[in-house]
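Notes follow the structure.
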Amino acid sequence: MGAPQASIRRLALTRQVIYVLVAAAVIVPFLVHFPLEGKPSRVTKALFDKVQALPDGSVVLFSFDYDPSAMAELYPMSLALLRHCFRKGHRPIVMTHWANGVGLCKELVERASSAVGKKAGDHYVLLGFKPGYSNLILNMGESLQGAFDKDYYGNPTQGMPALEGVHSLKDIPLVVDIAAGATVEMWIAYGRDRFGFELGAGCTAVIAPDLYPFLQSGQLVGLLGGLRGAADYEVLLERPGSGLAGMQAQSVTHVLIIGLIIAANVAFLWRRRKT
Amino acid sequence: MSTPDVEISSTRRTVETIVLVALVVAFVATTLLVKWPADAPAKLSLDGLGIILAAGLTLIMYSFLYRDNPLFKVAENLYVGVALGYGAMLTWYLSLKPEIVDPLVTAPHNGARVDFLFGQMRIIPIILGVLLLTRLSRRHAWLSRYSYTLMVGWGAGIGIPIVAHSYILQQLEPSVRPLAGGFWEALGALVVLVGTVSVLFYFFFSVEHKGAGGVVSRVGVWFLMISFGASFGYTVMGRVSLFIGRAQFLLEKWLGISL
């Protein structure tokens, strides 16, 4: 009885020590800054180049399909993308498929636009939330103003200056879905492949590997995976933000976790050899 | 045997309670020191109160890493309740109210209501939506089948061709690309081809995996392992990112440290 209990206690203690080490690895880099150099990934640069290559004043539709639980990963990249659009003079249209994400959409677009003096309705549109998921995309493909007859603030979308020349998804050259769920696949199947616009994506790190096949097939023009994707975009934009700041902590934690994996394997092999 | 265990457990529980109380006191003291410095007038905005509440709840959630505890239970239930309530209210105010209730209630005359219901054909989705609610009654639950039938039928009719086109046909092309272009492009195409074939073979159970088939199957296993490793790596990155987000919040917003 004694040996297994001692072993379990030792394991619990080891686990708590690991938590403390990870906490230190995350917190210390925020207090002790160090230079971090990295080359932006090819897939992030592809999306950046796509936004950059659009003629000034183009319409870019953003679907911010996440809620505050994924904010840490997706907020920095959303902000960087919006800033890029405003810098280029594009007209972002912002919407969400997640009811709980409306507040974030509003905060994001107002934060990015107010810094450069852009106004709702004139330079950007906040459509907000509407239920329906794939049905909504199909509806927007038929008529954007039909799907959203009013914007988030209650203004009619018909005749809105920021939507000049835009009647449906077919008139939008680039759509970017920032997702914490399966909405990217939905935008590919029901949107991109049906209405012909280019689609870029940003997502939480957990779902990024599932989206790489769509990059290879050309169904996605670029992908921002997790905090790393946000940091890469901030580097390309030459405007450091919370993504890049977070990557310092991320890098230190990764080194720690790699070290822990090696140590655990060495301990395992050593114990097996001993017994 | 059982008596010492109980004594140890009791002692440990007492120590843990003391530590918990000490942590709560430390949190309150830190908040008071940071938010109400002695040389500044006391002032608390709604945002400030929200930050203190969020900081406290964040720390309570992380207390689970040590052990499940009553404070964590409170915070957990609060999170679920608030998220559900917030979502329900947003759905009401952003969807149901402006789309259905307002046009009926605030219509200037009955003609407008009739036009809304029958002219714009809103009566059909309204009835189908109401039928879904009959699930709440055991006696009338069968009525919801009409809505579900339409949803399933429509979903399958629209979805199957789209999904087959986007997820199968479009994915076939990059799997069998010619070995053209530069060296790395050709190598990449070869890796994709070998990976696809070997993994598919691994899940092909009609032939015993021996000899050449065994080698192909083993290659498939390696591709799967590398894929799982990449997924695990990304998952670690994702989970750490969430903690980084919380750490940034605690340091910057709660403690007021400029990062």
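Those protein sequences? They're chains A and B, same order as listed.
1 is the number of the first residue of the first sequence in the numbering used here; add one for each residue after it.
1 is the number of the first residue of the second sequence in the numbering used here; add one for each residue after it.
Just so it is clear, CB atoms sit at the ideal spot from N, CA and C, and this is done for glycine as well.
Interface with chain B (7 Å Cβ-Cβ cutoff): Asp-232 (chain A) is excluded.
Only Ser-227, Ala-230, Ser-231, Gly-233, Tyr-234, Thr-235, Val-236, Met-237, Gly-238, Arg-239, Val-240, Ser-241 and Leu-242 from the segment 223–242 of chain B bring a Cβ to less than 9 Å from some Cβ of chain A. Taken through DSSP and simplified to helix, strand or coil, Gly-238 (chain B) comes out as helix.
If only complete runs of 3 or more residues are kept, the segment 227–253 of chain A shows no beta strand (DSSP E) anywhere. The continuous alpha helix (DSSP H) containing Phe-48 (chain A) extends over residues 42–53.
Neighbours of Val-15 (chain B) in chain A, taken as residues whose beta carbon is under 7 Å from its own, are absent, since the nearest beta carbon is some 15 Å off. With a contact defined as Cβ atoms closer than 8 Å, Met-95 (chain A) and Leu-224 (chain A) miss out at about 18 Å. In the pairwise beta carbon analysis, the segment 199–214 of chain B is classified as not touching the segment 172–181 of chain B: fewer than three pairs are separated by under 8 Å. In this structure, the CA atom of Leu-53 (chain B) is about 35 Å from the CA atom of Glu-238 (chain A). For His-165 (chain B), the C-beta contacts it makes with chain A under 7 Å involve Asp-193, in order along the chain. With at least 16 other beta carbons inside 10 angstroms of its own, Glu-185 (chain A) counts as buried.
Gly-157 (chain B) and Ala-179 (chain A) have their C-alpha atoms spaced approximately 26 Å apart. Straight-line measurement puts the Cα of Ala-22 (chain B) at about 57 Å from the Cα of Leu-104 (chain B).
Gly-238 (chain B) and Val-206 (chain A) have their C-alpha atoms some 6 Å from each other. Each residue's CA atom was taken as its position, placing Val-28 (chain A) and Ile-127 (chain B) some 58 Å apart. In this chain, the beta strand (DSSP E) harbouring Gly-225 (chain A) covers 222–225.
When A:Gln-216, A:Phe-129, A:Val-166 and A:Leu-169 are compared, the shortest CA-CA separation from Ser-166 (chain B) is found for A:Gln-216. For Ile-178 (chain A), the pairing in a beta bridge is given by DSSP as A:Phe-64 and A:Gly-202. Residues of chain B with a Cβ closer than 8 Å to the Cβ of Met-71 (chain A) are, in chain order, Gly-245.
Sorting B:Thr-17, B:Leu-20 and B:Thr-30 by C-alpha distance to the C-alpha of Leu-255 (chain B) places B:Thr-30 at the top.
Phe-268 (chain A) is not bridged by DSSP to any residue.
Nearest C-alpha to Asp-102 (chain B) among B:Leu-33, B:Gly-111 and B:Phe-116: B:Phe-116. A:Ile-18 is the residue among A:Leu-126, A:Ile-18 and A:Met-71 whose C-alpha sits nearest the C-alpha of Ile-258 (chain A).
Contacts with chain A (Cβ-Cβ distance below 8 Å) from the segment 72–99 of chain B involve Ala-83, Tyr-86, Gly-87, Leu-90, Thr-91, Leu-94, Ser-95 and Pro-98, listed in chain order. The beta carbon of Phe-72 (chain B) sits closer than 8 Å to the beta carbons of Ile-60, Met-61, Ser-63 and Phe-64 from its chain, once the five residues preceding and following it are set aside; these are given in chain order.
The C-alpha of Ile-100 (chain B) is placed about 18 Å away from the C-alpha of Gln-145 (chain A). Burial check for Ser-217 (chain B): the Cβ neighbour count within 10 Å reaches 16 or more, so the residue is buried. Taking the CA atoms as reference points, Arg-15 (chain A) sits about 12 Å from Arg-67 (chain B). The secondary-structure analysis by DSSP pairs Lys-150 (chain A) across a beta bridge with A:Pro-156.
Taking the C-beta atoms as reference points, Val-175 (chain A) is found nearer than 7 Å to Leu-199 (chain A).
Within chain B, the C-beta atoms nearer than 8 Å to that of Gln-219 (chain A) come from Ser-166 and Gln-170, in chain order. Using a CB distance cut-off of 7 Å, Leu-259 (chain B) counts as an interface residue toward chain A.
Taking the C-beta atoms as reference points, His-90 (chain A) is found no nearer than 7 Å to Ser-114 (chain A).
Within chain B, no C-beta atom comes less than 9 Å from the C-beta of Gln-52 (chain A); the nearest is roughly 24 Å away. In this structure, Trp-187 (chain A) keeps its C-beta atom at 7 Å or more from the C-beta atom of Asp-171 (chain A). At a cut-off of 7 Å between beta carbons, Pro-161 (chain B) makes no contact with chain A.
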